[in-house]
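Data first, discussion second: the structure below is written as structure tokens.
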Amino acid sequence: MKTRIKLIGFILLLGLNFQGMGQHRSHGEPLRKGRISLKLTVRDSHNRNAVEYATLLLKKGKNRQFSGITDEKGSHTFLSIPKGDYELTVTSLGYKSRTIDLHARRDTTLTILLLSNDIAMQDVVVTAYESRGATSASRIDRKAMEHLQPSSFTDLVELLPGNVSKDPSMGSANLIKLREAGGTGPSDYDVTSFGTSFVIDGVPLNNDANMQYISNSWETGRNTTGKGIDMRSISTDDIAKVEIVRGIPSVEYGDLTSGLVNIERKKGGNDLEARFKADMQSQLFYVGKGIELTDKQFTLNTGIDYLDSKIDPRNNRENFKRVTGSIRAEKRWTNDHWRWTFNSNLNYRGTFENDKNDPDLTPSGAIDSYESSNNALSLAGTLSLNNRKKGFFRSLSLTASASGSWDNIHQEKTVVPSKLSVVPTATQPGVHDAEILPSTYLSSLDVNGNPFNAFVKAIATFNYNYRNWFNIIKVGGDWRMNKNYGEGQLYDMRRPISIDITTRPRPFNDIPAEHNLAFFIEEASKLRLGKHRIDITAGLRSASLSNLDNRYVLDGKIYLDPRVNAKWALPRIGERKPLSIELSGGVGWHTKMPDISKLYPDLFYYDLIQLNFFSNENPAVNRMNVRTFVDDLTNYNLKAARNMKWEVRADFSIDDHRLSVTYFREKMTSGFRQGKSYTRYIYNRYSTEGLDPSTMTGPPDLADLTFTPDTILKVQSVHTNGSRILKEGVEFQYSSKRFPIIRTRLTVNGAWFRTTYNNSQPVYKRPSVVIDGRQIRYIGLYNEDDGYIRESFNTNFTFDTDIPRLKLGFSTSIQCMWFTSSQSMWESGVPIAYVNMEGELLPYTDAERNDMILQHLVESHYENNFKKRTIPIDANINIKVTKKICRDKIALALYVNRLVSYHPDYTLFGNTIRRTSNPYFGMEINFRL
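Pasting the structure below:
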């Protein structure tokens, strides 16, 4: 074998020497002025053994190159080569090739480490792996995404600790929930997804100017206003790698509370890629092409993706479609001192939803349809300057982006009023006559939005070192502008989409733009004390909103977010297979500003009927008189949502085995939610006693009628900072080495989560109790409302096998959700105060509790409502297989989730609960040409 390697090496050297003949001199030639010698030694990265007969290729510019082969000691010396910059490529049988840039200015001796193919096989990771940084973060590379076979970014979330695979849910918005037990919850706690920042190639995705909502049942599940990014809209095929920061991110990233999703898309390459996927609900098509001109330091990448999903394959009237496309370019310029890089990208993202009923299946032929389209276009560019010399100044980067979206919701509905309702046409407060809505009518609604977002960011880095203390300083700032130029909700006010509508059409372009300005400074220090290594990253970020009315408490208010992460690497224990131990921790504040919909809510319109005189025999005398009230529900005391997070982590590594355990706590007491306020309305109730329609020639005159003043207390929804979310948990991940005999790695990850949700502010309620034919007129103020605790514990066991010889990769995942539980927090039901008919807030004492009317303010609760509900183990086995053929140009893949399931029956409050599940599968074919 050794003789064979020598022969191959000799042939390679002979060929390379012919190519490089005349370009380098013999060893005996003396050095000339302007020339240097370069001694290279190649070693195995794992055992440091010399790598003999490795091929060395030095390139200088386009036309000059030098070649050589290492000797039995793994060394080779290039003598009398010109000074300058070189590209060195090292190749050897049984090793991964390596290319590095050399800046040769003087005689140099250099050692290059090569990774053996056996060790390289360890790098094939088909799951998320834990970052080596000071904060807890999951990294997902292209190999893991290809093995997972995702349809949208939602599928990648299953790789995070504490998550399990789920069937696609394309009929509703897919919102991310980091470190939460139980998954989705009430919309009052969507601040967790709203506070997760998605950044793609350095530019944040932003929906703070989104106003696409409708106030009826169709809104359920589809509305993303003030809720965060809908992951259905993000395709994964152009993504190179993802880092999901669950812990404390750098102060470079702001306007977030829960976490950071940092996405980097593909760059370079010359492959033409295509992907065709089908599963039980959807079909996906993708085509992408890369162009890389190495000599010109230029790359161009394009990609287009199409997804068609049927929410229920049996119903073609409800579907979700996605179309995305992008063009991305990068150009570099280099000289001896500087490297300039310019990145630019143009992106399109479109999502389309349809949901229609079948009129032929309804007794009255009623129509009920919903259509939504979102067409977003964005342009972004980054210009960066890097210092190639050692010095205080390291780099400068400027990023700018602009994005606009053309959004539309169209709804048609047959409305059948269930009660007498007036036509809501009044736009000004006061008394006026009104019409009555017909018993049946067809209504149409359009919501036209045109959100626009601009982003500018500048960042500079500096470096200074002192002995064993290395420091990098990062200074910068960013500006964000959010504005909606849409027409708003458009509909015929005489035929509203809902009889209980309390708004009027409002142009979105009348709403002022939101400006968010932030600055940050951060220092990353690395200190070596003997065999100890300490990394500390500390920074401060400031943020403020501008262009606000001075009545807002947010106007001019500056929020400061200090954040610190630290890691201590202890000396290795042992020699042959040393044990590495790293201890890390972090603490920091995170701030998320309210979006436009929270700062500028719709006006509240309330129509109270004062007179309703109606005659079938003499319609000419009919009269409906209404007093309309208009209220501004803007909460000028609304503040930013703030979250304080801290965590500690221990990381152990030995012989390519790694275990990471993280304990964390988060506390948010100012999350956004729909709180409650009350307003007192006074109007007149006119009496029609004594009126005879048969003797009347026209409608009754209010001046001739007697009336009784009446008062109504109305509870209204208003945006507040009342959501409290407390998170606590333990995350863990273990990954073994890939055992050579079976070529299999075991990855075990999971988490225990405990999440507490509750309203941190008292809430006003008007009980639904009816006394003497009318709903109780008083309002209670309650201290306990909407609180519950969720808990979960899961473990995922993934066995992934990679067999390069067979071009085959497959994995088996055993996902065990050991338990999930939910418990509502205790509510006494007794108000702490009440509002009387004069609008006064009075304490609620025992006297009121014994009052015949006020006693009904006490809410009744069943004891079972506050008992803990626990769902026992739910275990599933999933498989994924990938096979490459035709010289790796074609890859076939399939997956089956819940191939085997175990979810035993359980008893809850004396009732037996039986659970069922069905497998979900899909397959795809990939081309790389």
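The opening residue of the sequence shown carries number 467 in this note's numbering; numbering runs sequentially from there.
Heads up, the beta-carbon is just placed ideally off N, CA and C, and yes, glycines get one too.
Practice task
Closer than 7 Å by C-beta to THR1145: which residues in its own chain qualify, once you throw out the five before and the five after it? Chain order, please.
Solution key: Translated into the one-based positions of the sequence shown, residue 1145 becomes position 679. ASP1097, LYS1180, GLN1182, listed in sequence order.
Exercise for the section: Confirm, please, whether the CB-CB distance from SER910 to GLU1435 is below 8 Å. Expected result: Because the chain is modelled from 467 through 1395, residue 1435 falls outside the range shown and cannot be assessed.
Problem - Residues that DSSP places opposite VAL753 in a beta bridge - result: Walking along the sequence shown from the start, residue 753 turns up at place 287. The partner list for VAL753 (beta bridge, DSSP) reads ALA740, ILE770.
Problem - Exposure of GLN1199, with buried meaning 16 or more beta-carbon neighbours within 10 Å - result: Indexing the sequence shown from 1 puts residue 1199 at position 733. The residue in question, GLN1199, is buried, as its Cβ has 16 or more Cβ neighbours within 10 Å.
Exercise for the section: Apply the 10 Å Cβ neighbour rule to ARG1380 and answer buried if 16 or more other Cβ atoms are within range, or exposed otherwise. Expected result: On the sequence shown, residue 1380 is found 914 positions in, with the first residue counted as 1. The residue is exposed, with fewer than 16 neighbouring Cβ atoms inside 10 Å.
Practice task
Please indicate yes or no: does the CB of GLU1041 lie closer than 7 Å to some heavy atom of the ligand GDP?
Solution key: Looking at this structure, you won't find the ligand GDP or any other ligand, since it has none at all.
Exercise for the section: Tell me ALA926's beta-bridge partners as DSSP assigns them. Expected result: Within the sequence shown, the letter at position 460 stands for residue 926. Looking at the DSSP assignment, ALA926 forms a beta bridge with LEU862, VAL941.
Exercise for the section: Measure the Cβ-Cβ separation of ASN809 and THR848 and say whether it is below 8 Å. Expected result: If you number the sequence shown from 1, residue 809 lands on position 343. If you number the sequence shown from 1, residue 848 lands on position 382. The answer is yes: Cβ separation under 8 Å.
Problem - Three-way DSSP call (helix, strand, coil) for ASP821 in this model - result: Position 355 of the sequence shown, counted from the start, is the residue given in the question as residue 821. Of the three classes helix, strand and coil, the one that applies to ASP821 here is strand, per DSSP.
Handout entry: Boundaries (first-last residue) of the beta strand (DSSP E) holding GLU901
Key = Against the sequence shown, residue 901 aligns to sequence position 435. Segment: none, GLU901 is in no beta strand (DSSP E) and carries neither H nor E.
Practice task
Could you round the C-beta distance between LEU1212 and TYR1230 to whole angstroms and report it? I think they count as a contact, below 8 Å.
Solution key: Working through the sequence shown from its first residue, we reach residue 1212 at position 746. Working through the sequence shown from its first residue, we reach residue 1230 at position 764. At roughly 55 Å, the Cβ-Cβ gap does not stay under 8 Å, so LEU1212 and TYR1230 are not in contact.
Handout entry: Per-residue DSSP class, three states only, for ASN1249
Key = Stepping through the sequence shown from its first residue, residue 1249 is reached at position 783. Looking at ASN1249 - three-state DSSP - the assignment turns out to be coil, as it is neither helix nor strand.
Practice task
Could you spell out where the beta strand (DSSP E) holding ALA1341 opens and where it closes?
Solution key: Working through the sequence shown from its first residue, we reach residue 1341 at position 875. Segment 1340-1351, the beta strand (DSSP E) holding ALA1341.
Exercise for the section: Could you pull out every residue in the same chain whose Cβ sits closer than 6 Å to the Cβ of ASP821, ignoring the five residues on either side in sequence? Expected result: As a position in the sequence shown, residue 821 is number 355, starting the count at 1. Once the five neighbours on either side are set aside, the close Cβ partners of ASP821 are GLU784, TYR836.
Exercise for the section: May I have the straight-line CA-CA distance separating THR557 from LYS525, to the nearest angstrom? Expected result: Taking the first residue of the sequence shown as 1, we reach residue 557 at position 91. Taking the first residue of the sequence shown as 1, we reach residue 525 at position 59. Taking the straight line joining both Cα atoms gives about 14 Å.
Handout entry: Beta-carbon proximity list for SER1143, same chain, < 6 Å, skipping 5 on both sides
Key = Taking the first residue of the sequence shown as 1, we reach residue 1143 at position 677. So the list reads GLN1182, VAL1184, once near-sequence residues are dropped.
Exercise for the section: Identify every residue that forms a DSSP beta bridge with ALA647. Expected result: Along the sequence shown, one-based indexing puts residue 647 at 181. In DSSP, ALA647 forms no bridge with anything.
Handout entry: Span separating the alpha-carbon of TYR752 from that of SER1119
Key = Taking the sequence shown and counting its residues from 1, one reaches residue 752 at position 286. Taking the sequence shown and counting its residues from 1, one reaches residue 1119 at position 653. So the two alpha carbons sit approximately 39 Å from each other.
Handout entry: Alpha-carbon spacing of ALA924 relative to LEU1272, whole angstroms
Key = By one-based count along the sequence shown, residue 924 stands at place 458. By one-based count along the sequence shown, residue 1272 stands at place 806. If I take the Cα positions, the gap works out to 49 Å.
Handout entry: Whole-number beta carbon distance between ILE1075 and VAL1092, since they are thought to touch under 8 Å
Key = The sequence position of residue 1092 within the sequence shown is 626, counting from 1. The sequence position of residue 1075 within the sequence shown is 609, counting from 1. Indeed they touch by this definition, with Cβ atoms about 6 Å apart.
Handout entry: LYS1023 versus THR723 - alpha carbon distance
Key = Locating residue 1023 in the sequence shown gives position 557, counting from the first residue. Locating residue 723 in the sequence shown gives position 257, counting from the first residue. Roughly 18 Å separates the two Cα atoms.
Exercise for the section: Please work out which residues of its chain come closer than 8 Å, Cβ to Cβ, to LYS1333, disregarding the five sequence neighbours upstream and downstream, and give them in chain order. Expected result: For the purposes of this step, residue 1333 is taken as the residue at position 867 of the sequence shown. Answer for LYS1333: GLN1289, PHE1375, listed in chain order.
Handout entry: Local Cβ density within 10 Å of ILE714, reported as buried at 16 or more and exposed below that
Key = Walking along the sequence shown from the start, residue 714 turns up at place 248. Flag for ILE714 reads buried.
Practice task
Provide the residue span of the alpha helix (DSSP H) that contains GLY1064, from first to last.
Solution key: Against the sequence shown, residue 1064 aligns to sequence position 598. Reading the sequence as shown, one finds Lys at residue 1064 and not Gly. That run of the alpha helix (DSSP H) goes 1062-1065.
Practice task
Could you name the residues of the same chain whose beta carbon sits closer than 6 Å to that of ASN1084, not counting the 5 residues immediately before and after it, in chain order?
Solution key: Taking the first residue of the sequence shown as 1, we reach residue 1084 at position 618. Closer than 6 Å at the Cβ level, and outside the excluded window around ASN1084, lie PRO1159.
Problem - THR1128 - containing beta strand (DSSP E), residue span - result: Translated into the one-based positions of the sequence shown, residue 1128 becomes position 662. Counting along the chain, the beta strand (DSSP E) containing THR1128 begins and ends at 1123-1152.
Exercise for the section: Rank SER830, PHE936, PRO1165, ASN813 by C-alpha distance to the C-alpha of LYS856 and give the top, closest one. Expected result: Taking the first residue of the sequence shown as 1, we reach residue 856 at position 390. Ranking the options by Cα distance to LYS856, first place goes to PHE936.
Practice task
Ignoring anything shorter than 3 residues or poking outside the segment 789-836, list the beta strand (DSSP E) runs there in chain order.
Solution key: 804-822
Exercise for the section: Might you give, ordered along the chain, the residues of its own chain that have their beta carbon closer than 8 Å to the beta carbon of ASN1013, omitting 5 neighbours on each side? Expected result: Stepping through the sequence shown from its first residue, residue 1013 is reached at position 547. Counting only Cβ-Cβ distances below 8 Å, and skipping sequence neighbours, we find PRO978, ALA979, GLU980, HIS981.
Problem - Straight-line Cα distance separating GLU1048 from ASP1001 - result: Within the sequence shown, the letter at position 535 stands for residue 1001. Within the sequence shown, the letter at position 582 stands for residue 1048. The alpha-carbon atoms of ASP1001 and GLU1048 are separated by roughly 11 Å.
Problem - Cβ-based neighbour list, ASP1027, same chain, cut-off 8 Å, excluding 5 preceding and 5 following - result: Numbered from its first residue, the sequence shown carries residue 1027 at position 561. Within the same chain, ASP1027 has close Cβ partners VAL717, GLY720, LEU1006, ARG1007, SER1008, ALA1009, GLY1054, TRP1055, HIS1056, THR1057.
Practice task
Assign VAL882 to buried or exposed, taking buried as 16 or more other Cβ atoms, counted over all protein chains shown, within 10 Å of its Cβ.
Solution key: Locating residue 882 in the sequence shown gives position 416, where the first residue counts as 1. Looking at its Cβ environment, which holds fewer than 16 other Cβ atoms inside 10 Å, VAL882 is exposed.
Handout entry: Local conformation of GLN1321 per DSSP, three classes
Key = Residue mapping note: residue 1321 aligns to position 855 of the sequence shown, counting from 1. Correct three-state label for GLN1321: helix.
Practice task
Would you tell me roughly how many angstroms separate the C-alpha atoms of ARG1243 and GLU1325, rounded to the nearest one?
Solution key: Counted from its first residue, the sequence shown places residue 1243 at position 777. Counted from its first residue, the sequence shown places residue 1325 at position 859. Taking the straight line joining both Cα atoms gives about 15 Å.
Problem - Segment contact, 8 Å Cβ cut-off, at least three pairs: the segment 901-908 with the segment 853-870 - result: no
Problem - Residue of ILE547, LEU506, LYS949, GLU612 minimising C-alpha distance to ILE1356 - result: Your numbering for residue 1356 matches position 890 in the sequence shown. For ILE1356, the nearest C-alpha among the options comes from GLU612.
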